[in-house]
Amino acid sequence: MSRARLIIKEFTIRRQGEIHFFQVRLPKNATHIIGIETDALMITPLDVSPPPLGDGRPEDPMPPAAAPANRTPFLKWNDKSNPVIGKLKLQSLDRHNIFFETWVPFVHFSAAMPDMSYGLFPKSPHTLILPTGPRTVGIPCNNTVVYGMYSDSIGEERKMEIRYKVKVFVWVQTTEADKGVRYGFETKRKLEVKL
Amino acid sequence: MSKFFSRDYDVQITAAAQTFRKTIELDKSVKAITHYTILSNREDLAYYRGSFKLDINKDEIAPDGYSVKKVMCWPTIPPDARLKSIGRRETGNGQIQFEYTDSNDGLTTFQPYVITLSVEGERED
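Read top to bottom, the protein sequences are chains A and B.
Here the working numbering is used: position 126 in the first sequence is 135, and no number is missing along the way.
Here the working numbering is used: position 66 in the second sequence is 52, and no number is missing along the way.
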């Protein structure tokens, strides 16, 4: 049995609407690209608007006359959404060309559901409620390079320069002996491209 | 017949934007590691700020920079699905090398917290 390895590519986006081209170097013994994962680390705070009243901060000494009353409902709905931060494309030098294309989300911790902490519903369907795994692709690779392109969309949308780090995780199958290591997602592979 | 083995190892994260290393010596009776996950007393800080590296018997299971959020999950998941499966890696020299890197981000403020590497495997008496 052959062993899966994980290659990590990391880059920082600094400008509004920045387009970043990059290469992912694969090991020479890689035979297949078996899965892709993405992640982001926000360096700029996402929420730049002032927080709502009644959050425990000292009050403004001169509040505006028309300041809204704090009417926090009993069930406080969490209005944080998971923004899409950009688009990622990966291109193989083999016949598959652009084999992976996705909108990269930034998923907040415990976001996308109301914070019903008393147990009516699970807290978040999008972050930690299911064990995560890579999106399987199953592309044979004869080259040791994958080209990638990432274009920023959150900066464009919010008309500001948002700094963040994007991580692309490329799982490859190599010719090494696996020594017993077989990752959980490998047994769940669904799509295999055969030539 | 091998027996079930499960153990947690804590790493204190005391400073922001630093790497913390821990070398774990397994007991000689532990023959293989089959699953692992990362837990924390401040899941939000681990989720937004954490990345790690994990070697078992000098074999790279997760390379440097792999995000902690990729191996975390809520306790609402059935316990047998909560840990990441890595097949069956024999422990060999009995060493697990764990490196955790905390990175500053724009959403959280650092406070000291604890990261726990939880492993499961097989042991023989």
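Using N, Cα and C, we set each Cβ at its ideal position, and we do this for glycine too.
Model, not experiment: these values are computed from the prediction.
Keeping to the same chain, check which residues put their C-beta closer than 6 Å to that of residue i; ignore five residues upstream and five downstream.
i       : result
N38(A)  : T183 and T184
K96(A)  : W112 and S160
R191(A) : none
R172(A) : R23, I52 and T53
T46(A)  : A quick correction: the sequence has Glu, not Thr, at residue 46(A). Counting only Cβ-Cβ distances below 6 Å, and skipping sequence neighbours, we find P143 and F178.
F96(B)  : A2
Y34(B)  : D91, L93 and T94
E27(A)  : D161
G36(B)  : V54
F30(A)  : M158
Could you name the residues of the same chain whose beta carbon sits closer than 8 Å to that of residue i, not counting the 5 residues immediately before and after it, in chain order?
i       : result
I47(B)  : Y22, L40, D41, I72 and R75
S11(A)  : T40, Q182, T183, T184, E185, A186 and D187
P49(B)  : K39
N152(A) : L35, S101, L102 and D103
Count the other CB atoms, across all protein chains shown, that sit within 10 Å of the CB of residue i; report buried if there are 16 or more and exposed otherwise.
i        : result
D(-6)(B) : exposed
S(-8)(B) : exposed
K70(B)   : buried
P36(A)   : exposed
D91(B)   : buried
M58(B)   : buried
A186(A)  : exposed
Y127(A)  : Confidence at Y127(A) is low in this model, with a pLDDT of 46, below 50, so its placement is unreliable and the value that follows should be read with caution. With fewer than 16 Cβ atoms within 10 Å of its Cβ, Y127(A) is classed as exposed.
E11(B)   : exposed
K14(B)   : exposed
K44(B)   : exposed
A13(A)   : buried
A67(B)   : exposed
D48(A)   : buried
Check whether the Cβ of residue i lies closer than 8 Å to any Cβ atom in chain A.
i       : result
G92(B)  : yes
S71(B)  : yes
A48(B)  : yes
A1(B)   : no
D88(B)  : no
G80(B)  : no
R7(B)   : no
Y22(B)  : no
G107(B) : no
I63(B)  : yes
D45(B)  : yes
R28(B)  : no
M58(B)  : yes
E110(B) : no
S53(B)  : yes
E11(B)  : no
Y99(B)  : no
Determine whether the Cβ of residue i lies closer than 8 Å to any Cβ atom of chain B.
i       : result
V177(A) : no
P61(A)  : Residue placement at P61(A) is flagged as unreliable, the pLDDT there being 48, under the threshold of 50; the coordinate-derived value follows with that caveat. Not an interface residue.
L137(A) : yes
L55(A)  : yes
F118(A) : yes
L97(A)  : no
E46(A)  : yes
T40(A)  : no
T141(A) : yes
L50(A)  : yes
Y192(A) : yes
L15(A)  : yes
E19(A)  : yes
G157(A) : no
K188(A) : yes
Under the assumption that residue i contacts residue j (Cβ atoms under 8 Å), give the Cβ distance between them as a whole number of angstroms.
i       : j        : result
M158(A) : K98(A)   : 5 Å
G78(B)  : I17(A)   : The Cβ separation is near 25 Å, so there is no contact.
Q32(A)  : V175(A)  : About 14 Å; that fails the 8 Å criterion.
L103(B) : I24(B)   : 6 Å
E170(A) : Q25(A)   : 5 Å
F118(A) : N91(A)   : Not really, about 10 Å apart at Cβ, beyond 8 Å.
K56(B)  : T141(A)  : 6 Å
V105(B) : I(-1)(B) : About 19 Å separates the two Cβ atoms, so there is no contact after all.
Once the 5 residues before and after residue i are set aside, which same chain residues still bring their CB inside 7 Å of it?
i         : result
I148(A)   : H41, I42, S101, H105, F108 and V202
L15(A)    : F178 and W180
S(-12)(B) : K17, E108, R109 and E110
E9(B)     : The residue you asked about is not Glu; residue 9(B) is Thr in the sequence shown. Result list for T9(B): Q81 and Q83, in chain order.
Please determine if the stretch 41 to 49 of chain A and the stretch 18 to 32 of chain B are in contact, where contact requires at least 3 C-beta pairs separated by less than 8 Å.
no
Does the structure place the stretch 164 to 176 of chain A close enough to the stretch 100 to 109 of chain A that three or more beta carbon pairs sit under 8 Å?
no
Is it true that the stretch 85 to 103 of chain B meets the stretch 3 to 20 of chain B, where meeting means three or more beta-carbon pairs spaced less than 8 Å apart?
yes
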